[in-house]
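In full-length UniProt numbering, the protein residues as written are 1 to 335. The beta-carbon is built from N, C-alpha and C at its ideal position, and this holds for glycine as well. Predicted, not measured: the structure shown is a model, and the values here were computed from it. Written below as structure tokens is the structure these notes are about.
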């Protein structure tokens, strides 16, 4: 008997599709650093206040290189920024999210920029988020064609609570590039390094003061060095306890005398301006010398009132009538 064995052969068909790997784009930067100067913060600034007018940015840098012109089957390419610190619960204009930093009370808003010197854009929370993540914001979108990405980061600072002076060194975010849920790796860190934050120990409650001396007769002066027209005025400060408060008077010295406490009259030497007199400012009846620092007191804390006086000072033997105005700047420093 002959047995016949039939073998049925199967054909295996393998279909291959092109695997679109986003890693065709390479990360070219190890990190970008924000150029942020020293921040000086008034102690009575309200929570939620922006701490500086400009946006602070990093230099424009090649972040990711991609094979130019390669196309994706679906979707486009997002260039954006991702916050990497904790959300503060506060938002700025347009819904931009403000994040915490390592310094108490200092918040940061994070975005990007495509041109040197340009303001920030794509602020996290204000711009369209990426893949539904509210901590990621896109500031550049291209069609399905791959392109290399050069950009910088942008930040803005806010007061989010009680602040203290310190130095901020921290990674605050990452620059990211993605398409259809695929992301170039590694991300590019956004760093702030050695940014000094100074919270002032005092705040002025009377930033501008006028001391009207009124009309004075020339006969009120009795000789070089005589004074008249004493008028009291006060400067108000709100200071932390233990703060050493100093004052320096800046102004133009009267050229008719070597006395460095005598200010020149506005328009001195011009027609219609009095001659033979200058002006002085005094604290505790002691004249302030131009350019010299004087310790006013060590603050007890809270509202402080500092009493000053203004007066005329005779500089020449003959006093001629005319307008007699003077301007000085009192620089208050706190230690």
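* Asked: Taking all protein chains shown into account, do 16 or more other C-beta atoms lie within 10 angstroms of the C-beta of residue 40, making it buried, or fewer, making it exposed?
  -> In the chain shown, residue 40 corresponds to position 40, counting from 1. With fewer than 16 Cβ atoms within 10 Å of its Cβ, residue 40 is classed as exposed.
* For residue 269, collect the residues of the same chain with a Cβ closer than 6 Å to its Cβ; drop the 5 residues on either side in sequence, then sort them by chain order. => Here residue 269 refers to the residue found at position 269 of the chain shown. Excluding positions up to five away in sequence, the list is empty.
* Where residue 94 falls: helix, strand or coil (DSSP) -> Within the chain shown, the letter at position 94 stands for residue 94. Reduced to three states, the DSSP call for residue 94 is helix.
* Ignore the nearest five residues each way along the sequence and tell me which others in residue 339's own chain have a CB closer than 8 Å to its CB. => Nothing can be reported for residue 339: it is not among the residues displayed for the chain, which extend from 1 to 335.
* Under 7 Å between C-beta atoms of residue 95 and residue 126 -> In the chain shown, counting from the first residue as 1, residue 95 sits at position 95. In the chain shown, counting from the first residue as 1, residue 126 sits at position 126. It is a contact, given that the beta carbons lie within the stated cut-off.
* Identity of the residue in 214, 82, 38 nearest residue 200 by Cα -> Residue mapping note: residue 200 aligns to position 200 of the chain shown, counting from 1. Residue 200 has its Cα closest to that of 38, out of 214, 82, 38.
* Leaving out the 5 sequence neighbours to the left and right, which residues in its chain are closer than 6 Å to residue 332 when beta-carbon positions are compared? -> The residue given as residue 332 occupies position 332 in the chain shown. Taken in chain order, the residues that qualify are 247.
* residue 360 lies in the beta strand (DSSP E); which residues open and close that run? -> The structure shown has nothing for residue 360, since the chain only spans 1 to 335.
* Measuring CB to CB, does residue 82 end up less than 7 Å from residue 176? -> The residue you call residue 82 lines up with position 82 of the chain shown. The residue you call residue 176 lines up with position 176 of the chain shown. Going by C-beta atoms, residue 82 is nearer than 7 Å to residue 176.
* To do: Give the range of the beta strand (DSSP E) segment to which residue 150 is assigned.
  => The sequence position of residue 150 within the chain shown is 150, counting from 1. Unbroken beta strand (DSSP E) run through residue 150: 149–159.
* Asked: For residue 173, is the classification buried or exposed, using 16 other Cβ atoms within 10 angstroms of its Cβ as the cut-off for buried?
  -> In the chain shown, residue 173 corresponds to position 173, counting from 1. Answer is buried; the Cβ neighbour count reaches 16.
* Asked: So, is residue 108 buried or exposed, given that buried needs 16 or more other C-beta atoms within 10 angstroms?
  -> The sequence position of residue 108 within the chain shown is 108, counting from 1. Buried, because 16 or more other Cβ atoms sit within 10 Å of the Cβ of residue 108.
* Label residue 29 either buried or exposed according to how many other C-beta atoms from any shown protein chain fall within 10 Å of its C-beta, with 16 as the threshold for buried. => Counting from 1 along the chain shown, the entry for residue 29 is found at position 29. Buried, since its Cβ has 16 or more Cβ neighbours within 10 Å.
* Asked: What separation, rounded to the nearest whole angstrom, lies between the Cα atoms of residue 322 and residue 260?
  -> Position 322 of the chain shown, counted from the first residue, corresponds to residue 322. Position 260 of the chain shown, counted from the first residue, corresponds to residue 260. Their Cα atoms are separated by approximately 23 Å.
* Tell me whether the beta-carbon of residue 105 lies closer than 7 Å to the beta-carbon of residue 160. => Position 105 of the chain shown, counted from the start, is the residue given in the question as residue 105. Position 160 of the chain shown, counted from the start, is the residue given in the question as residue 160. Yes; because the gap between Cβ atoms is below 7 Å, this pair is in contact.
* Asked: Tell me which same chain residues have a C-beta within less than 7 Å of the C-beta of residue 147, skipping the five on either side of it?
  -> The count along the chain shown starts at 1 and reaches residue 147 at position 147. Result list for residue 147: 66, 68, 77, in chain order.
* Would you call the CB atoms of residue 290 and residue 253 closer than 7 Å? -> Reading the chain shown from its first residue, position 290 is the one you call residue 290. Reading the chain shown from its first residue, position 253 is the one you call residue 253. Contact: yes.
* In terms of alpha-carbon separation, which member of 57, 226, 166 lies closest to residue 318? -> As a first step, residue 318 must be located in the chain shown, where it is residue number 318. Comparing Cα positions, the closest option is 226.
* Asked: Quick one: what's got a C-beta closer than 6 Å to residue 235's C-beta in the same chain, skipping five residues either side?
  -> On the chain shown, residue 235 is found 235 positions in, with the first residue counted as 1. Excluding positions up to five away in sequence, the list reads 206, 306.
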